[in-house]
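Take a look at the structure below.
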Amino acid sequence: MEFEFDIHKIFLEPITKLDSTLLPQRRPLVSSSEAEKQIMKVLDDIGKASAKAQRLPAPITSASRMQTNQHHLYILKDCTPKTAGRGLVIGFLKVGYKKLFVLDRKGSHIEAEPLCILDFYIHESLQRHGFGKELFGFMLRIEQVEPQHLAIDRPSEKFLSFLWKHYNLRAVIPQVNNFVIFEGFFRDRKAPG
Ligand code: ACO
28 MEFEFDIHKI
38 FLEPITKLDS
48 TLLPQRRPLV
58 SSSEAEKQIM
68 KVLDDIGKAS
78 AKAQRLPAPI
88 TSASRMQTNQ
98 HHLYILKDCT
108 PKTAGRGLVI
118 GFLKVGYKKL
128 FVLDRKGSHI
138 EAEPLCILDF
148 YIHESLQRHG
158 FGKELFGFML
168 RIEQVEPQHL
178 AIDRPSEKFL
188 SFLWKHYNLR
198 AVIPQVNNFV
208 IFEGFFRDRK
218 APG
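Residues in the sequence shown are numbered from 28 upward in steps of one, following my numbering.
The following block contains the structure:
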């Protein structure tokens with residue numbers, strides 16, 4: 028995804044993590060007000076693109092939603108020399124902790140607060156090039172979480188295939204909410220906090 032401004036001046040790392048402050052850890056090379064404006068534009072546009080790709084009635088990711096939630100959003104830019112100009116955004120991954128009642132294999136309700144995958148999108152022209160894996164792997168390292176301990180909000184078929192291919196996650200434990208969890212969810216979880 029291209030923008031009218033220089034992506035390399037707001038996102039200095041290949042993958043930038045954002046929270047509700049919308050401030051990257053490495054300070055952008057433009058003024059704070061300009062950086063905020065540009066980052067808000069990026070978030071709104073990638074949120075819309077993701078919603079379109081998933082055929083959702085409205086975006087679930089936007090700048091204002093990021094500002095009002097305790098979510099973490101990882102954004103991947105293109106660092107190849109061919110886009111050395113203003114740069115491109117390749118995709119993003121949004122996660123956050125949620126209190127959920129989850130069913131175990133025996134059908135008992137268990138209260139948990141897992142890290143949830145809330146939104147995930149790689150630009151159509153760049154899917155199946157390994158960028159999703161790069162972003163997901165980075166998030167797992169930073170959040171210090173094992174893939175089987177995640178809960179996924181309404182995964183698409185592509186995402187289910189992705190999780191099976193890269194992380195061997197296939198055996199779904201049926202739930203009554205929209206979240207999907209996998210075999211191993213209840214094993215060796217870190218204590219909350
Ligand atoms: N059809 C089927 N499986 C796909 C497709 C596709 N078009 N694209 C990716 N995958 C899966 C496959 O398992 C594929 O492996 P394969 O090519 O050997 O079959 C694997 O992902 C490829 O891995 P990556 O290249 O690392 O993944 P990618 O960069 O394509 O990112 C993602 C995966 C984010 C699911 C991407 O395909 C995408 O943006 N899809 C559209 C939006 C979407 O469905 N997002 C998830 C919504 S659910 C949620 O966010 C909670």
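C-beta: ideal position from N, C-alpha, C; glycine also. In this text, all values refer to a predicted model and were calculated from it rather than measured experimentally.
Just the C-alpha distance for residue i and residue j, rounded to the nearest angstrom, thanks.
{"i": "Lys125", "j": "Asp215", "result": "19 Å"}
{"i": "Phe128", "j": "Leu49", "result": "30 Å"}
{"i": "Gln81", "j": "Ser59", "result": "33 Å"}
{"i": "Arg92", "j": "Leu83", "result": "16 Å"}
{"i": "Glu140", "j": "Met67", "result": "28 Å"}
{"i": "Leu39", "j": "His150", "result": "20 Å"}
{"i": "Gln97", "j": "Gly112", "result": "33 Å"}
{"i": "Cys106", "j": "Phe158", "result": "12 Å"}
{"i": "Leu142", "j": "Ala178", "result": "6 Å"}
{"i": "Ala85", "j": "Leu45", "result": "22 Å"}
{"i": "Asn204", "j": "Tyr194", "result": "23 Å"}
From what residue to what residue does the beta strand (DSSP E) around residue i run?
{"i": "Ala139", "result": "His136 to Ala139"}
{"i": "Leu221", "result": "Any property of residue 221 remains undetermined from this structure, which presents the chain solely from 28 to 220."}
{"i": "Gly118", "result": "Val116 to Tyr124"}
{"i": "Phe209", "result": "Phe206 to Phe209"}
{"i": "His99", "result": "His99 to Lys104"}
Assign residue i to buried or exposed, taking buried as 16 or more other Cβ atoms, counted over all protein chains shown, within 10 Å of its Cβ.
{"i": "His176", "result": "buried"}
{"i": "His99", "result": "buried"}
{"i": "Pro201", "result": "exposed"}
{"i": "Val207", "result": "buried"}
{"i": "Val69", "result": "buried"}
{"i": "Gly134", "result": "exposed"}
What distance in whole Å lies between the Cβ atoms of residue j and residue i, which are believed to be in contact at a cut-off of 8 Å?
{"i": "Phe119", "j": "Ile102", "result": "5 Å"}
{"i": "Ile34", "j": "Val122", "result": "The Cβ separation is near 22 Å, so there is no contact."}
{"i": "Asp146", "j": "Thr88", "result": "5 Å"}
Quick one: what does DSSP say residue i is sitting in, helix, strand or coil?
{"i": "Lys11", "result": "Past the edges of the chain, shown from 28 to 220, lies residue 11, and the structure says nothing about it."}
{"i": "Ile244", "result": "Absent from the structure is residue 244, since the part of the chain shown begins at 28 and ends at 220."}
{"i": "Ala198", "result": "coil"}
{"i": "Leu127", "result": "strand"}
{"i": "Thr43", "result": "strand"}
Between which two residues does the alpha helix (DSSP H) containing residue i stretch?
{"i": "Ala76", "result": "Ser59 to Ala80"}
{"i": "Gly164", "result": "Phe158 to Glu170"}
{"i": "Ala85", "result": "Unbroken run through Ala85: none, as it is neither H nor E."}
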